[in-house]
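Enquirer: Residue numbers (the numbering used here): 40 to 169.
Virtual Cβ for every residue (Gly too), placed ideally from N, Cα, C.
Please read all numbers here as calculations on a predicted model, not as lab measurements.
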């Protein structure tokens, strides 16, 4: 079991975003998103590439180098917000009633935005202490 009692707020939101990201990948598969075939050439490559792209931020979570830790979290959160926004834009432009990844895309935007705010606040506090 992962011990959460010593996690700070940024780490809790980061871990939550990691879980939502994983569920987002599953929703894209179950929702049969059009880009699985057109961009990735099929489900196999979509799954392989997206799991690798999920493992990278998972490794960041366990990173000991605090110099880059919050910068990497911030980059990941921004990418996830953009991914969520992309699903909403696609829905509007393509005028579909549903696009695989939309529901968790909204969650990516919400939690990602909160994580961006909390990470900036945390970095600001760390800078003031120096």
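Please name the residue, chosen from 117, 145, 159, that lies closest to residue 128 on a Cα-to-Cα basis.
Expert: Working through the chain shown from its first residue, we reach residue 128 at position 89. Looking at the Cα atoms, 145 is the closest of the given residues.
Enquirer: Going along the chain, which residues of its own chain have a beta-carbon closer than 8 Å to the beta-carbon of residue 120, five neighbours each way excluded?
Expert: Numbered from 1 along the chain shown, position 81 holds the residue referred to as residue 120. 147, 148, 151, 152, 155.
Enquirer: Can you tell me whether DSSP reads residue 122 as helix, strand or coil?
Expert: To locate residue 122, count along the chain shown from 1; it is residue 83. Helix, per DSSP.
Enquirer: Could you give the distance in angstroms between the alpha-carbon of residue 83 and the alpha-carbon of residue 163?
Expert: Numbered from its first residue, the chain shown carries residue 83 at position 44. Numbered from its first residue, the chain shown carries residue 163 at position 124. Rounded to whole angstroms, residue 83 to residue 163 spans 42 Å at the Cα level.
Enquirer: Going along the chain, which residues of its own chain have a beta-carbon closer than 7 Å to the beta-carbon of residue 72, five neighbours each way excluded?
Expert: Within the chain shown, the letter at position 33 stands for residue 72. Cβ neighbours of residue 72 beyond the five flanking positions: 138, 139, 140.
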